[in-house]
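Beneath this line is the structure, given in structure tokens, with notes to follow.
Numbering (our numbering), first residue to last: 1185 to 1518.
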């Protein structure tokens, strides 16, 4: 396989992994006001992702590093043109991480309430802006002959991109609530199942609109097929959650996000950043990639370390596989 194509696939795989794993983190964070009745409930919710949320975020770091090394032109155009949205995402992720660490440091309700709000905001902002960013990449942005972005921040807030943002926001929210149903017991589990069904119905409608728009305007045969698979997986996931098959529902939600992200990459290929003003200015996997020598070294490094990372993450999920209940929350802890 051509190394540029191989690394386009690896970058796509890393973003699929990131959105599947950190997606339910975002959903759990956004669900705090909807699923909790007291502080113990909120601690149960946070503890469902406590051992894994920072590990999940390493996927975006690895994806960004791979993008920088394998496709430096793509990285430069993306991070300079989308500077403000990506800065907001970074700030939100820092806000969320700090809140997880500091929330339990003091017992005052006002202190905890302040950090709970930051967790909700720090989860919702990236969930929305990642959808806006990827929708704009697929739609194309104005680029000059040097592949530099020549639009403004407000050009990124077009109707298609905003619909993409709402779609990822709802997908991640439903994904997270299904995860809560899978990882908890008692009343929280029942509330999560009911909320996941209601949120899932809304998500089906919005996601269908976005996938149809994408398929009609930018789709290829492969991307349309993947969009169809994502739609079927989402509908079956909502039905599985309603019937109490939580493991199946969570697996299908992961498949939904995976198929949806892959459909965007297939719609994009062979471009990596289409130019909406002049196709000749578009970045492709060929003119955006590093040298053959760099990609060869990166391929050997990935061959050695990627399986190790996957094995470690799988082991972590296996160790912390049990449900979290109110009985597991010590009363004396904050």
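Where a beta carbon is used, it is the ideal one built from N, C-alpha and C, also for glycine.
These numbers were taken from a predicted model, which means no experiment stands behind them.
Endpoints, beta strand (DSSP E) assigned at residue i
| i | result |
| --- | --- |
| residue 1456 | 1455–1457 |
Residue interval of the alpha helix (DSSP H) (run including residue i)
| i | result |
| --- | --- |
| residue 1481 | 1476–1503 |
| residue 1469 | That residue, residue 1469, is in no alpha helix (DSSP H); it is neither H nor E in DSSP. |
| residue 1519 | It is not possible to answer for residue 1519, since the shown part of the chain is limited to 1185 through 1518. |
| residue 1265 | 1256–1265 |
| residue 1425 | 1405–1426 |
| residue 1228 | 1223–1233 |
| residue 1522 | The requested residue 1522 does not occur in the structure, where the chain is confined to residues 1185 to 1518. |
Classification of residue i by the beta-carbon crowding that lies within 10 angstroms, buried from 16 upward
| i | result |
| --- | --- |
| residue 1518 | With a pLDDT of 49 at residue 1518, under the threshold of 50, the modelled position of that residue is not reliable, and the figure given next carries that caveat. Under this definition residue 1518 is an exposed residue. |
| residue 1362 | buried |
| residue 1283 | buried |
| residue 1452 | buried |
| residue 1505 | exposed |
| residue 1310 | buried |
| residue 1473 | buried |
| residue 1425 | buried |
| residue 1331 | buried |
| residue 1316 | buried |
| residue 1209 | buried |
For residue i: DSSP bridge partner residues
| i | result |
| --- | --- |
| residue 1351 | DSSP, once it has assigned bridges, lists no residue as partnering residue 1351. |
| residue 1135 | With the chain covering only 1185 through 1518, there is no way to say anything about residue 1135. |
Supposed contact pair residue j and residue i - C-beta distance, whole angstroms, cut 8 angstroms
| i | j | result |
| --- | --- | --- |
| residue 1521 | residue 1394 | Residue coverage of the chain in this structure runs from 1185 to 1518, which leaves residue 1521 outside it and unanswerable. |
| residue 1358 | residue 1211 | 7 angstroms |
| residue 1304 | residue 1217 | 6 angstroms |
| residue 1213 | residue 1280 | 6 angstroms |
For the stretch 1286–1346, which segments carrying the alpha helix (DSSP H) assignment without a break, of at least 4 residues, lie completely within its bounds, in sequence order?
-> Runs of the alpha helix (DSSP H) inside the stretch 1286–1346: 1293–1323.
4-residue-minimum alpha helix (DSSP H) runs that sit fully inside the stretch 1357–1403, ordered along the chain | Within the stretch 1357–1403, the complete alpha helix (DSSP H) runs of at least 4 residues are 1371–1402.
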